[in-house]
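If you read the sequence shown in my numbering, its first letter stands for residue 11, the second for the next number, and so on.
Heads up, the thing below is written out as structure tokens.
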Amino acid sequence: MDSAEFRSYVALGDSFTEGMSDALPDGTYRGWADLLARRLAERRAGFRYANLAVRGKLIDQIAADQVPVAAAMGADLVTLVGGLNDVLRPRCDLDAVCDALERSVAALAPSCGRLVLMRTPGRRGPVLERYRPRMERLFSFVDELAERHGALVIDLFESRAIGDPRMWADDRLHLTPEGHRRVAEAVWQGLGHPPTFDWDEPLPMSTPARWAARRGADLRFAREHLLPWIGRRLTGRSSGDGRAPKRPDLLPLTWEDQPTEPASGP
Numbered sequence: 011m012d013s014a015e016f017r018s019y020v021a022l023g024d025s026f027t028e029g030m031s032d033a034l035p036d037g038t039y040r041g042w043a044d045l046l047a048r049r050l051a052e053r054r055a056g057f058r059y060a061n062l063a064v065r066g067k068l069i070d071q072i073a074a075d076q077v078p079v080a081a082a083m084g085a086d087l088v089t090l091v092g093g094l095n096d097v098l099r100p101r102c103d104l105d106a107v108c109d110a111l112e113r114s115v116a117a118l119a120p121s122c123g124r125l126v127l128m129r130t131p132g133r134r135g136p137v138l139e140r141y142r143p144r145m146e147r148l149f150s151f152v153d154e155l156a157e158r159h160g161a162l163v164i165d166l167f168e169s170r171a172i173g174d175p176r177m178w179a180d181d182r183l184h185l186t187p188e189g190h191r192r193v194a195e196a197v198w199q200g201l202g203h204p205p206t207f208d209w210d211e212p213l214p215m216s217t218p219a220r221w222a223a224r225r226g227a228d229l230r231f232a233r234e235h236l237l238p239w240i241g242r243r244l245t246g247r248s249s250g251d252g253r254a255p256k257r258p259d260l261l262p263l264t265w266e267d268q269p270t271e272p273a274s275g276p
């Protein structure tokens, strides 16, 4: 389907698609999917948008809770991004992850005009290297699914720019507003629209932080983000438990709820 004809868009996934950590003044999150929807809405009156993504969701939960709802909506454009929360857990049944992803794609592809999958980005550093083999296997399967079902794949995993630690929030798990802006542009270009900027342009060189500043940042990260994350894993809880999607219905995107573009810069 020609992207110029898109009249509706449904986004599925976890915190990456919900928009963390692209925070708005009222405490809600914007994110790349909202930014993409805004651009598409500028091209067509009455454009409708739903965002079913919920932070912390595993791919099996996305397949069970979000996919049937999205398939029933019959949107022109659907983005499905999931599986990374599974991969980053100490124990991961990658075969089960791929099976849930395959079921999801098989249900969505016939029900929408254009299905977009993604090789999600990773923050450069020891965590990425530890889980790289799992991620590469997952993304190879994403490529296979896309070829089989005629889906589009946006490759962010190989991006040096988005892998830059300065593109990531203090929790080291979610993108900054600039990171989300670049993802929106990457999807926009992947859909065949003319570029508005080079989304993969590297950030300017900067002077590395001093040792004391790096250790202080590590301690804050451990206290404010890592320890709570470990606590949730040990107790079987998720940051998304009991949380509803921010846009559960496929409704027109009005001027009042169209998210503005963030200013460029890390």
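Each residue gets a CB set at the ideal place from its N, CA and C atoms; glycine is no exception.
Proximity test, Cβ basis, 8 angstroms: GLU154 and chain B: Looking for chain B here will not work: only one protein chain is present.
Residue environment, THR89, which counts as buried when at least 16 other CB atoms sit within 10 Å: buried
Three or more C-beta pairs below 8 angstroms linking the segment 180-188 and the segment 164-171: no
Buried versus exposed call for GLU28 [16 or more other C-beta atoms within 10 Å across all chains shown]: buried
Span separating the alpha-carbon of ARG191 from that of PRO272: 7 angstroms
Segment contact, 8 angstroms Cβ cut-off, at least three pairs: the segment 106-115 with the segment 28-46: no
Contacting residues, own chain, Cβ-Cβ under 8 angstroms from ASP162 (five flanking each side not counted): What sits at residue 162 in the sequence shown is Leu, not Asp. Contacts found: ARG124, LEU125, VAL126, LEU127, ALA156, GLY200 and LEU201.
Cα-Cα separation between LYS67 and ARG17, rounded to whole angstroms: 27 angstroms
Delimiting residues of the alpha helix (DSSP H) encompassing ASP165: Note, ASP165: premise wrong, no alpha helix (DSSP H); beta strand (DSSP E) at 162-165.
Simplified DSSP state of LEU104, which is helix, strand or coil: helix
Span separating the alpha-carbon of MET145 from that of VAL91: 13 angstroms
Best match in ASP210, LEU94, LEU104 and HIS159 for proximity to VAL137 [C-alpha to C-alpha]: LEU94
Chain-order list of residues whose beta-carbon lies under 7 angstroms from that of PRO175 (same chain, five-residue window excluded): ARG133, ARG134 and GLY135
Integer-rounded CB distance, given that LEU148 should sit under 8 angstroms from VAL97: 6 angstroms
Limits of the unbroken alpha helix (DSSP H) element including SER150: 136-159
Minimum C-alpha distance to VAL152 - residue among ARG142, ARG129 and GLU211: ARG129
Residue from MET177, CYS122, GLU139 and GLU195 with nearest C-alpha to GLY160: CYS122
Residue range of the unbroken beta strand (DSSP E) whose run includes THR89: 87-91
Beta carbon of ARG53 nearer than 8 angstroms to that of ALA14: yes
4 or more residues per run - each alpha helix (DSSP H) lying fully within the segment 26-82: 42-51
CB contact flag (ALA194, LEU62, <8 angstroms): no
Where SER169 falls: helix, strand or coil (DSSP): coil
Given ARG101 as reference, the closest of ARG257, ASP32, TYR141 and PHE207 once Cα atoms are compared: TYR141
Cβ neighbour criterion (16 or more within 10 Å) applied to ASP177: The sequence shown places Met at residue 177, not Asp. So MET177 ends up on the buried side.
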